[in-house]
Amino acid sequence: MNRQPSRIPATPIILSCPTDTAITCNQTPNNASSTTPLPSASQNTKAKHNPFASPSCPDFFRYIHEDLKPWKSTGITKEMVDSSRQFAHFRLVIINGKAYHEQYKKCFQTRDLFTIWGILQLLNRYPGRVPDLELMFNCEDPPMIKKSNYNSSAPPLFHYCKDESALDILFPDWTFWGWPEVNIKPWDLLLDELKNTTESLEWKDKIPYAFWKGNPSGIGAREDLMRCNLSNEHEWNARLFRQDWRRETANGFTDSNLAKQCNYRYKIYIDGMSWSVSEKYILACKSPMLLVTTRYIDFYTRGLLPGKHYWPINSSHKCESIKFAVDWGNTHLKEAEDLGTRGSLFARQELSMENTYDYMLHLLTEYAQLLTYKPTPDKANHICIESMACPATGLWKQFMLDSMVKSTYEFEPCSLSPPFDIEDLNAVARSKEEYLEDIEKMEKGTAL
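Heads up, the sequence shown is in this note's numbering, so the first residue is 14 and it goes up one at a time.
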């Protein structure tokens, strides 16, 4: 994607941690905000609607309009935002490019920490671009805001995933900036490692089976998947491994390197408690992703198409479906390799950190335009890169430093395309359904 240069030159972002004084957020927390003239909100709006400003964003960005559609006609009132509090782990306010945070309850591990860290990176990457706003965020797995519970005035809640029955507003998950509890590096760094691994091994030389490794405990679909492992009775073309994270943590993560799990020809994706963050890592392996059909979506998976980016696996007969997919791929080597390549290119290009930040920018901009009131910090505390990174230790600090934006971005963001019309959405849905039906017919044509 050839982007238009920004009128604002790139300026270094400097993290300064005091050694003998309390850490505070200064009025000008980095060189970028203190030395760079910031565009006004009106300038941002004009730039956003300039068709020549930058190439169009990936098509899945258009689902931003769909996520915000419930509030398009009414706007988002203070009362609506406040009603989201019962579901939220934290509240985030942005005023004049500065972030304010109020914690309501503890998130699992440090999901909230790295989500907020990612938003701070966005503010530094695009100084002055994010409008004033207030939002509520939920860090758990299951969707929260059910359509059936609201005729109008639904609570606007930011979240990582949802299904067709939910109104949650989708946002990139915390692992894009790292998951220290399980030693998963920030997305940019991990992509480089995965690229080096996949380029060093020809696809035809990979182990000709479907691989999955994860924690199945207490998750019905995953426990069911484990039946598909090699046994004395069956060869389902699957090699499945239980991941014991407690043991891995104790052993220094010696057996959980994601880059080393790309040596199989096929990689299986299956949901966890709801969706799983593992999908992007599987896509990037350059091995066809065998996706066990799911009702869950996150912000980018709406851009994935069966037959183009992945091979669908029927959740009602996983073992037979996996065996068929692997048999088909091993007898159609070129087509299977191309499928893996397209999935990998999606992960590297359309899901790059560059595009992830642009998605965040467009989503927050569109959301802020719906607010009918002027946000104020109230009880929220001012946060900045210093207040988060300086007191951090171990992998938490390392991943923050590794994922930290080093300078303001010297190019314009991609241009957000208009909303889908109903014909577009129906065409995509029909295309997916027809491909799934075709695969089902192919499977039924074999002796399952």
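Heads up, the beta-carbon is just placed ideally off N, CA and C, and yes, glycines get one too.
Boundaries of the beta strand (DSSP E) harbouring residue 106: 103 to 108, taken from the DSSP string.
If you draw a straight line from the Cα of residue 339 to the Cα of residue 189, it comes to about 30 Å. Put simply, the backbone Cα of residue 333 is about 24 Å away from that of residue 444. Under the three-state reduction of DSSP, residue 83 is assigned to helix. Taking 3 residues as the minimum length, the beta strand (DSSP E) runs contained wholly in the stretch 337 to 398 are 394 to 396, in order along the chain.
Under the three-state reduction of DSSP, residue 197 is assigned to strand. Taking a contact as a CB-CB distance under 8 Å, the pair residue 143 and residue 374 counts as one, their CB atoms being some 7 Å apart. For the pair residue 84 and residue 383, the CB atoms are nearer than the 9 Å cut-off. With a cutoff of 9 Å on beta-carbon distance, residue 213 and residue 149 are scored as not near each other. Burial state of residue 446 is exposed, judged by a 10 Å Cβ sphere holding fewer than 16 other Cβ atoms. In the same chain as residue 221, and ignoring 5 residues on each side of it, the C-beta atoms closer than 6 Å to its own belong to 278 and 343, in chain order.
DSSP places residue 225 inside the beta strand (DSSP E), whose first and last residues are 220 to 227.
Contact between residue 417 and residue 356 fails: their C-beta atoms lie close to 29 Å from each other, not under 8 Å. When secondary structure is reduced to three states using DSSP, residue 454 falls in the helix class.
Burial state of residue 133 is buried, judged by a 10 Å Cβ sphere holding 16 or more other Cβ atoms. Following the DSSP letters along the chain, one finds residue 116 inside the beta strand (DSSP E) bounded by residues 111 to 116.
Bridge partners of residue 304 according to DSSP: 282 and 325.
Pairing residue 140 with residue 21 gives a Cβ-Cβ distance under 9 Å. Taking 9 Å as the cut-off, the Cβ atoms of residue 306 and residue 326 count as close.
Cα atoms of residue 291 and residue 37: separation of roughly 36 Å, rounded to the nearest angstrom. Annotation: residue 92 to residue 249 spans about 54 Å, alpha carbon to alpha carbon. By the beta-carbon neighbour count (other beta carbons within 10 angstroms, threshold 16), residue 235 is buried.
Non-local C-beta neighbours of residue 228 in its own chain, meaning closer than 6 Å and more than five positions away in sequence, comprise 256, ordered along the chain. Leaving aside the five residues that flank residue 405 on each side, the residues in its chain whose CB is nearer than 8 Å to its CB run, in chain order, 413. The alpha carbon of residue 408 has as its nearest neighbour, out of 395, 81 and 262, the alpha carbon of 262. With contacts defined as CB atoms closer than 9 Å, residue 74 and residue 427 qualify as a contacting pair. Under the DSSP definition of a beta bridge, residue 132 lacks any partner. Closest in alpha carbon position to residue 456, among 87, 176, 29 and 335, is 335. The alpha-carbon separation between residue 232 and residue 389 amounts to approximately 41 Å.
Boundaries of the alpha helix (DSSP H) around residue 412: 407 to 416. Contact fails between the stretch 266 to 276 and the stretch 177 to 193, because fewer than three Cβ pairs, one in each stretch, are under 8 Å apart. One alpha carbon belongs to residue 398, the other to residue 217, and they sit about 45 Å apart. The C-beta distance from residue 155 to residue 14 rounds to 34 Å, too long to meet the 8 Å contact threshold. The three-state secondary structure of residue 78, taken from DSSP, is helix.
Apart from sequence neighbours up to five positions away, the residues of its chain that approach residue 308 with a beta-carbon distance below 8 Å are 176 and 177, ordered along the chain. Where residue 238 is concerned, the enclosing alpha helix (DSSP H) starts and stops at 233 to 238.
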